[in-house]
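Written below as structure tokens is the structure these notes are about.
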Amino acid sequence: AVFKDYIKRRVRGEPTAYITGCKEFMSLPFQVDPRVLIPRPDTETLVEEAIRLLRMRTGPHLVADVGTGSGAVAVSLAYYVPETRVYAVDIEPGAIELARANAARNRVEDRVEFAVGSLLEPLSDLKLDLIAANLPYIPTPDLPKLPKEVKDYEPWLALDGGTDGLEYYRRLVEQAVNVLKPGGFL
């Protein structure tokens with residue numbers, strides 16, 4: 636009966652990751668649900684580059700993952716670069732709750748701190764080595780054109796990047812100037 640229900644949900648277009656409640660990212664398991672976007676392989680490229688940049692420098696690192704969602708980026712950075720302390724920020728409390736569970740699931744909860752807030756505002760007193768962000772980038776007029784399993788199931792707040800898709804990136808760059816260390820990465 637459970638299996639048949641899963642099949643019906645999938646036929647209606649619900650993403651498999653939401654049905655199973657799990658998605659692998661960077662070879663790590665992540666719990667997902669409709670509060671967050673499903674982590675995608677393309678985002679692994681962002682994490683791989685951040686890992687490369689962090690490993691170029693010795694010592695402890697302070698990193699922010701802005702728009703953390705499920706925590707896939709933050710948790711992966713903490714997992715693969717153990718000398719890193721990561722601040723995971725999201726505007727949605729439900730996303731932070733899920734990201735915190737994923738940090739515990741992957742045993743990095745002692746190196747990831749969580750904050751509810753807009754972009755870098757909760758971290759304005761820090762000086763960071765690296766800021767990672769996979770923010771909403773779909774232009775608002777394009778949202779209705781997305782595939783059914785995205786537009787009907789994933790949170791629009793995590794997809795809608797404003798008129799041209801760059802609204803949050805402009806704001807992030809403005810804020811990053813004040814919290815990045817000299818020579819830091821965005």
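Quick note on numbering: this note's numbering labels position 62 of the sequence shown as 697, and the sequence is numbered without any gaps. Beta carbons: idealized from backbone N, C-alpha and C, even for Gly.
Query                                                                                                                                   : Result
Mind checking who R720 pairs with in its DSSP beta bridge?                                                                              : L697
In whole angstroms, give me the CA-to-CA distance for N741 and V710.                                                                    : 7 Å
Just to confirm the assignment: which complete beta strand (DSSP E) runs, minimum length 3, are found wholly within the region 698–780? : 719–725, 747–751, 763–768
The alpha helix (DSSP H) with P886 in it runs from where to where?                                                                      : This structure leaves residue 886 out entirely; the chain is present only between 636 and 821.
Under the DSSP definition of a beta bridge, which residues are partnered with L815?                                                     : L763
I think V701 touches V721, with their Cβ atoms under 8 Å apart; what is that distance to the nearest whole Å?                           : Actually they do not touch by this definition, with Cβ atoms about 11 Å apart.
Quick check: the Cα distance between P790 and A730, rounded to an integer number of angstroms?                                          : 11 Å
I need the straight-line Cα distance from G656 to Q666, nearest angstrom please.                                                        : 6 Å
Going by the beta-carbon positions, is the gap between V671 and L712 smaller than 8 Å?                                                  : no
So that I know if they touch, is there some Cβ in chain C lying closer than 8 Å to that of R735?                                        : Here there is only one protein chain, and chain C is not present.
Tell me whether D799 sits in a helix, a strand or coil according to DSSP, three-state version.                                          : coil
Which residue's Cα is closest to the Cα of K658: L689, I642, L765, G706?                                                                : G706
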